[in-house]
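Notes follow once the structure below has been shown.
There are 4 protein chains.
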Amino acid sequence: MVAAAIDVIAETGYHQASFAKIAERAGLSSTGMISYHFDGRDDLMREVVAEVMRVAEAYVRPRIEAHESAPARLRASIESNLDLLAEYPNHLPAIVEVLTNLRGGDPGMDSFLDKTEADLALQVERIREAQRAGEFCDFDPWVMVRAIRAAVDDVVRRATLEPDFDARRAGRELADLFDRATRNRNTT
Amino acid sequence: MVAAAIDVIAETGYHQASFAKIAERAGLSSTGMISYHFDGRDDLMREVVAEVMRVAEAYVRPRIEAHESAPARLRASIESNLDLLAEYPNHLPAIVEVLTNLRGGDPGMDSFLDKTEADLALQVERIREAQRAGEFCDFDPWVMVRAIRAAVDDVVRRATLEPDFDARRAGRELADLFDRATRNRNTT
Amino acid sequence: MVAAAIDVIAETGYHQASFAKIAERAGLSSTGMISYHFDGRDDLMREVVAEVMRVAEAYVRPRIEAHESAPARLRASIESNLDLLAEYPNHLPAIVEVLTNLRGGDPGMDSFLDKTEADLALQVERIREAQRAGEFCDFDPWVMVRAIRAAVDDVVRRATLEPDFDARRAGRELADLFDRATRNRNTT
Amino acid sequence: MVAAAIDVIAETGYHQASFAKIAERAGLSSTGMISYHFDGRDDLMREVVAEVMRVAEAYVRPRIEAHESAPARLRASIESNLDLLAEYPNHLPAIVEVLTNLRGGDPGMDSFLDKTEADLALQVERIREAQRAGEFCDFDPWVMVRAIRAAVDDVVRRATLEPDFDARRAGRELADLFDRATRNRNTT
DNA sequence: CATGAATGAGCGTTCATTCAT
DNA sequence: AATGAATGAACGCTCATTCAT
C-alpha cells in the first residue's frame with residue numbers, strides 16, 4: 036500500500052494522489068482499507084517518506100562512504116542519488132513531491148522537515164570540515180547544500196516528466212558543476 | 036483578482052488556493068465572479084503566470100542588460116531575481132508554486148511550460164556564445180541553466196517559509212557559487 | 036432548511052437525521068448546500084434548537100402569564116406545551132431529540148444546555164417564591180422541575196411514536212398529577 | 036462483551052457505541068468477534084437490554100415485595116432503582132440510552148418495547164387495584180406510571196452526566212413527590 | 001475463539017461551476 | 001459586475017459486516 040502510494044504520488048503528484056487512486060493501484064476496492072491502516076492522509080504520507088528515506092539511505096550511504104576525499108564524496112552523493120532514481124524510478128520523485136508540498140503547520144509532518152533539515156545540517160558540518168582541511172574553497176555551506184539538493188531534486192522531477200531524460204548523465208554534469216563550485220581555487 | 040490569486044497562492048500554496056480563498060482575498064462575496072471572468076482554474080493560473088512573467092521580465096531584463104560580460108550578466112540574473120523577491124514578496128513564490136505543480140496533460144498550461152522552456156533555451160544560447168568566447172568554461176549549458184533556476188527557486192520557496200531568511204544574501208552567495216561553477220575548469 | 040431539519044429529526048431521530056435526509060426533505064439535490072449554509076452539523080442543530088426555542092417561548096409564555104396563581108401557572112405551563120405539540124407536531128419532538136442526545140464536550144452546544152439549565156433555574160426560583168407564599172407545599176424545587184420536564188418530554192416523545200396518542204389529554208392528567216404533588220403534604 | 040457494551044453505551048451514548056469502541060473495551064483487537072457472536076448491532080443491543088433487565092429485576096423485585104401497602108411499594112420501586120444505579124453505575128444508563136433511542140421499525144427490538152410496555156401494564160394493573168382499595172386517589176394510571184418512569188430515567192441520565200449528582204437523594208425526593216401525587220386526598 | 005484484511009455503504013465536507021437575479 | 005443559491009463530483013473517513021486464516 037505504501038508502494039502503491041509511492042507510485043501514484045510519483046505519477047500524478049502529491050495532491051492528485053487521492054486515496055481512491057492509491058486504493059485502485061493497490062488492488063483495493065475501496066478507500067476504507069487505507070483509512071483503516073493509516074491514521075489519515077498525513078500518516079500515509081509519513082510512511083511514504085519514511086520508506087523512501089530508508090531505501091535512499093541504504094542505497095546512498097555506502098556509495099558515499101566508499102570514498103575518502105570530500106570532493107569524491109560530494110560527487111558520489113550526487114551521482115548515487117540519480118543512480119537510485121534509475122533503479123527505483125518512483126521513490127525519489129514521490130518524496131520530492133511530498134516534501135515540496137509540505138507547509139509548516141502540519142503537525143507530525145514537521146518531524147520530516149526537521150529530519151531533512153538535520154540531514155542537511157550534517158552535510159553542512161562535513162563541508163565545514165572539508166573547508167578547514169582545504170579540500171573545499173570558502174563558501175556558505177548552507178547555501179551550497181541547498182543548491183545541490185535543489186538541483187538534484189530538479190533532475191528528479193524532470194526525469195518523471197520527460198521519460199527520455201537521461202538523469203544519470205545530468206547527474207554527472209551536476210557533479211562536475213558542483214565540483215568546480217566547491218573546488219579550491221589554487222587547484223585551477 | 037489576479038493579484039489576490041498571487042497572494043493566496045504564495046501564502047497557502049497552489050492546491051490550497053481555492054476560488055473561495057481567492058474570492059475572499061479579492062473582497063468578493065462569492066466564487067461565481069471568478070468562474071465568470073476566467074474560463075476555469077487553469078485559465079486563472081495562466082493569467083497569474085502571465086502577470087508574474089510580465090512583472091519579472093520588466094524588472095530583471097534591464098538589470099541584466101546593464102552588464103556586458105557573461106559572468107556579470109549571470110550574476111545580475113541571479114541577484115535581480117532575488118531583489119525582485121524582496122520588492123514583490125508574492126510574485127515569484129506564486130509562479131514557482133504554479134509551475135512546479137504543473138503536470139503535463141493540462142492543455143493550455145503546456146504553453147507556459149513551453150514559454151519557460153524557450154526562456155531557458157535563450158539563456159542556453161547565450162551561454163554557448165560565452166563559452167565560445169572563452170568567458171565560461173566547458174559544461175552542459177542545459178544542466179547549468181536548470182541548476183541555477185532550481186537553486187534560485189529554492190531560495191524563493193525558502194523565503195516564503197522562513198520570514199527571517201535573507202534571500203538577497205543567499206542570492207549573492209548563489210551568484211558566487213555559479214560564478215565559480217562557470218569559470219573554473221575541473222581538475223579531476 | 037431548518038424546518039426540514041426539524042421534520043427529519045422529529046421523524047427519524049437525532050442521529051438518523053443525516054444531511055442527506057434533510058437535503059432530500061428540503062428539496063435539495065445534494066448535501067453540499069447544507070454544509071454551505073451551516074458551519075457543520077452542530078451549527079445546524081444549534082439553529083434548530085434556537086428556532087424551536089423561539090417558537091416555543093412565543094407560544095408558551097403568554098399562556099403562562101395569563102394566570103396569576105402559581106398552581107394555575109404550573110398547569111398552564113404543562114398544558115400549553117402539549118397544546119404547542121398539537122399545533123406544531125415536530126418542533127418539540129425535534130428539540131427533545133437534540134437535547135437528549137447531547138453530551139458534554141460538544142463545545143458550542145453547551146450554550147444550549149446552559150440555556151436550558153437557566154430556564155429551569157428560573158422556574159425553580161418561581162417555585163421557591165410560591166412555596167414561601169404558601170401556594171406550594173415543601174419539596175425540592177429542582178427535583179420537581181426536572182420531573183415535570185421529564186414527564187412532559189416523555190409525552191412529547193410518545194406522541195411522535197404513537198400517532199393515536201392523545202397528548203393533550205395526557206397533558207391534563209399530568210397537570211393534575213403535579214398539582215397534587217405540589218399541594219399535598221406527605222402524610223408518612 | 037455485553038458488559039463492555041454496557042459500559043461503552045453508558046459512557047458515550049447509544050450511537051457513539053460503535054463496535055470498534057466496544058471491542059477495544061472488551062480487550063478484543065477487532066470487531067469481527069462481535070459480529071460473529073451477535074447477529075448484528077440490534078442483536079447485541081437486545082442482549083444488553085436483556086442483561087440489564089435481568090439484573091434490574093433481580094435487584095428491584097424483592098425490594099418492592101418486601102412491602103405490603105401500595106404507597107410503600109411505589110416508594111420502594113423508585114428508590115430501589117436509584118439504589119441499583121449506585122451499585123451498578125452503568126446498567127441503568129445503558130438501558131435508558133438504548134430504549135430512548137429505539138424507533139419503531141426495528142423488528143426484533145420491538146419485542147423489548149413490548150416487554151417494557153408489559154412491565155408498565157403490570158404496574159398499571161397494580162395501581163388500579165390499589166385505587167380500588169382506596170390506597171391511591173383517582174388518576175390515570177398509565178400517565179402516572181410513565182411519568183414516574185420518565186422522572187426516574189431522567190435522574191439516571193443526570194447521574195451519568197454529572198458525577199457529583201446525588202441520585203439517591205433525588206430518589207427520595209421523587210418518592211415523596213409521587214407519594215403526594217398518588218395519595219388519597221382524605222388522608223391529607 | 002480470535003485475528004486482521006477486505007468490502008461497500010454512508011457520512012459531512014470542499015470544490016469549481018452554473019444560473020437567475 | 002456582483003450576488004447567492006444550487007449542483008454534482010470527489011474527497012477522507014467511519015462503520016458494520018464478511019471471511020480466510
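Chains as they are written, first to last, in our numbering: chain A, 36 to 223; chain B, 36 to 223; chain C, 36 to 223; chain D, 36 to 223.
Just so it is clear, CB atoms sit at the ideal spot from N, CA and C, and this is done for glycine as well.
Q. Is the segment 197 to 208 of chain B touching the segment 112 to 121 of chain B, taking contact as three or more C-beta pairs under 8 Å?
A. yes
Q. What span of residues does the alpha helix (DSSP H) with Gln166 of chain D cover, start to end?
A. Within the fourth sequence, residue 166 of chain D is the residue found at index 131, counting from 1. From DSSP, the alpha helix (DSSP H) with Gln166 of chain D extends over Asp145 to Arg167.
**Q.** Residue from B:Leu137, B:Leu63, B:Val87 and B:Leu127 with nearest C-alpha to Arg76 of chain B
**A.** What you label residue 76 of chain B is simply residue 41 of the second sequence in a count that begins at 1. Distance from the Cα of Arg76 of chain B is smallest, within the candidate group B:Leu137, B:Leu63, B:Val87 and B:Leu127, for B:Leu137.
Q. At a CB-CB cut-off below 8 Å, which residues of chain C make contact with Leu212 of chain D?
A. Taking the fourth sequence and counting its residues from 1, one reaches residue 212 of chain D at position 177. Going along chain C in sequence order, the residues near Leu212 of chain D (Cβ under 8 Å) are Phe174, Val178, Met179, Ala182 and Ala216.
Q | Pair within 7 Å by beta-carbon distance, Pro128 of chain B and Thr195 of chain B | A | On the second sequence, residue 128 of chain B is found 93 positions in, with the first residue counted as 1. On the second sequence, residue 195 of chain B is found 160 positions in, with the first residue counted as 1. In this structure, the beta-carbon distance from Pro128 of chain B to Thr195 of chain B falls below 7 Å.
Q) Can you name, in chain order, every residue of its own chain whose Cβ lies under 6 Å from the Cβ of Thr223 of chain D, other than the five neighbours on each side? A) Indexing the fourth sequence from 1 puts residue 223 of chain D at position 188. Confidence in Thr223 of chain D is poor, its pLDDT being 38 and thus under 50, which makes the residue's placement unreliable; the coordinate value appears in the next sentence. Around Thr223 of chain D: no qualifying Cβ.
Q. So with Cβ pairs under 7 Å, would you call Arg138 of chain D a contact of chain C?
A. In the fourth sequence, counting from the first residue as 1, residue 138 of chain D sits at position 103. It does; some Cβ of chain C falls within 7 Å.
Q) Is it the case that the Cβ atoms of Ala105 of chain A and Glu59 of chain A are separated by a distance below 7 Å? A) Numbered from its first residue, the first sequence carries residue 105 of chain A at position 70. Numbered from its first residue, the first sequence carries residue 59 of chain A at position 24. No, they are not a contact pair.
Q) Excluding the five sequence neighbours on either side, which residues of its own chain have a C-beta within less than 7 Å of the C-beta of Val159 of chain D, listed in chain order? A) What you label residue 159 of chain D is simply residue 124 of the fourth sequence in a count that begins at 1. Taken in chain order, the residues that qualify are Pro176, Trp177 and Val180.
Q. Helix or strand or just coil, what does DSSP make of Glu218 of chain D?
A. Translated into positions along the fourth sequence, residue 218 of chain D becomes position 183. Before going on, a small fix: residue 218 of chain D reads as Arg here, not Glu. Strand at Arg218 of chain D.
Q. In its own chain, which residues sit with a C-beta less than 7 Å from the C-beta of His72 of chain D, not counting the 5 before and 5 after it?
A. Your numbering for residue 72 of chain D matches position 37 in the fourth sequence. So the qualifying residues of the chain are Met36.
Q) Would Gly48 of chain C count as contacting chain D if we go by Cβ distances under 7 Å? A) Position 13 of the third sequence, counted from the start, is the residue given in the question as residue 48 of chain C. So, interface residue.
**Q.** Phe171 of chain A (DSSP reduced to helix, strand or coil)
**A.** To locate residue 171 of chain A, count along the first sequence from 1; it is residue 136. If DSSP states are grouped into helix, strand and coil, Phe171 of chain A belongs with the strands.
Q. Taking only beta-carbon atoms, is Ala186 of chain B less than 7 Å away from chain A?
A. Reading the second sequence from its first residue, position 151 is the one you call residue 186 of chain B. Yes - at least one Cβ of chain A is within 7 Å of the one on Ala186 of chain B.
Q: Classify Arg108 of chain C as buried or exposed, calling it buried when 16 or more other Cβ atoms lie within 10 Å of its own Cβ.
A: Reading the third sequence from its first residue, position 73 is the one you call residue 108 of chain C. Flag for Arg108 of chain C reads buried.
Q | Nearest residue (CA-CA) to Ala61 of chain D, options D:Glu164, D:Ala40 and D:Arg203 | A | As a first step, residue 61 of chain D must be located in the fourth sequence, where it is residue number 26. Among D:Glu164, D:Ala40 and D:Arg203, the Cα nearest to that of Ala61 of chain D is on D:Ala40.
Q. Met68 of chain B by DSSP, collapsed to three states: which one?
A. Here residue 68 of chain B corresponds to residue number 33 of the second sequence, with the count starting at 1. Three-state result, Met68 of chain B: helix.
**Q.** C-beta atoms of Ile69 of chain C and Phe54 of chain C nearer than 7 Å
**A.** The sequence position of residue 69 of chain C within the third sequence is 34, counting from 1. The sequence position of residue 54 of chain C within the third sequence is 19, counting from 1. At the C-beta level, Ile69 of chain C and Phe54 of chain C come within 7 Å of one another.
Q) Just how far apart, CA to CA, sit Asn221 of chain A and Val187 of chain B? A) Here residue 221 of chain A corresponds to residue number 186 of the first sequence, with the count starting at 1. Here residue 187 of chain B corresponds to residue number 152 of the second sequence, with the count starting at 1. Any reading at Asn221 of chain A must be qualified, since the residue scores a pLDDT of 47, below 50, and its modelled position is unreliable; no value is offered.
Q | Cβ neighbours of Ala202 of chain A in the same chain (closer than 6 Å, five flanking residues each side left out) | A | For this step, residue 202 of chain A is matched to residue 167 along the first sequence. Excluding residues within five positions, the ones whose Cβ falls inside 6 Å are Leu117, Leu120, Val190 and Ala194.
**Q.** Residue burial classification, Gly139 of chain A (beta-carbon count within 10 angstroms, cutoff 16)
**A.** Mapped onto the first sequence, residue 139 of chain A falls at position 104. Answer is exposed; the Cβ neighbour count stays below 16.
Q. So, Met80 of chain B versus Val131 of chain B, is the Cβ gap smaller than 7 Å?
A. Your numbering for residue 80 of chain B matches position 45 in the second sequence. Your numbering for residue 131 of chain B matches position 96 in the second sequence. Not in contact: Met80 of chain B and Val131 of chain B (Cβ atoms no closer than 7 Å).
Q.
So Glu208 of chain D contacts chain C; which residues on that side make the cut at Cβ distance below 9 Å?
A. As a working note, residue 208 of chain D is residue 173 in the fourth sequence. The contacting residues are Phe174, Asp175, Trp177, Val178, Met179 and Ala182.
Q) Using a C-beta cutoff of 7 Å, does Ala205 of chain B count as contacting chain A? A) Numbered from 1 along the second sequence, position 170 holds the residue referred to as residue 205 of chain B. So yes, Ala205 of chain B belongs to the interface.
Q) Can you find a CB in chain D that lies within less than 7 Å of the CB of Asp189 of chain C? A) If you number the third sequence from 1, residue 189 of chain C lands on position 154. Yes, Asp189 of chain C lies at the interface with chain D (some Cβ there is under 7 Å from its Cβ).
Q) Got a sec? Which residues, its chain only, sit under 6 Å from Lys56 of chain D by beta carbon, not counting five neighbours each side? A) Here residue 56 of chain D refers to the residue found at position 21 when the fourth sequence is read from its first residue. Result list for Lys56 of chain D: Val43, in chain order.
Q | Interface partners of Thr151 of chain C on chain D, CB under 8 Å | A | Mapped onto the third sequence, residue 151 of chain C falls at position 116. Per Cβ cutoff of 8 Å: no residues; Thr151 of chain C is ~12 Å from chain D at best.
(Q) My output table needs one value for Gly206 of chain A: the three-state DSSP class, helix, strand or coil. (A) Position 171 of the first sequence, counting from 1, holds the residue named residue 206 of chain A. In the three-state reduction of the DSSP assignment, Gly206 of chain A falls in the helix class.
Q) Going along chain A, which residues have a C-beta under 8 Å from Thr135 of chain B? A) The sequence position of residue 135 of chain B within the second sequence is 100, counting from 1. Here the neighbours are Thr135 and Arg192.
Q: Work out the CA separation of Asp149 of chain C and Val90 of chain C for me, nearest whole Å.
A: Here residue 90 of chain C refers to the residue found at position 55 when the third sequence is read from its first residue. Here residue 149 of chain C refers to the residue found at position 114 when the third sequence is read from its first residue. One Cα belongs to Val90 of chain C, the other to Asp149 of chain C, and the distance between them is close to 19 Å.
Q: Locate the alpha helix (DSSP H) running through Leu127 of chain D, then write down its first and last residues.
A: Taking the first residue of the fourth sequence as position 1, residue 127 of chain D is located at position 92. His126 to Thr135 is the span of the alpha helix (DSSP H), which, as asked, contains Leu127 of chain D.
Q) So, helix, strand or coil for Glu197 of chain D, using DSSP? A) Position 162 of the fourth sequence holds residue 197 of chain D. DSSP places Glu197 of chain D in coil when its eight states are reduced to three.
**Q.** Nearest neighbour of Leu212 of chain B, chosen from B:Arg96, B:Arg192, B:Glu103 and B:Ile183 [CA to CA]
**A.** As a working mapping, residue 212 of chain B is identified with position 177 in the second sequence. That would be B:Ile183, whose Cα lies nearest to the Cα of Leu212 of chain B.
Q.
The alpha helix (DSSP H) that contains Asp42 of chain D, what's its start and end?
A. Working through the fourth sequence from its first residue, we reach residue 42 of chain D at position 7. Element bounds for Asp42 of chain D: Val37 to Thr47.
Q.
As a quick exercise: from A:Pro142, A:Glu152, A:Asn219 and A:Pro124, pick the residue whose alpha carbon is nearest that of Pro198 of chain A.
A. Looking up residue 198 of chain A in the first sequence gives position 163. Closest option to Pro198 of chain A, Cα to Cα, is A:Pro124.
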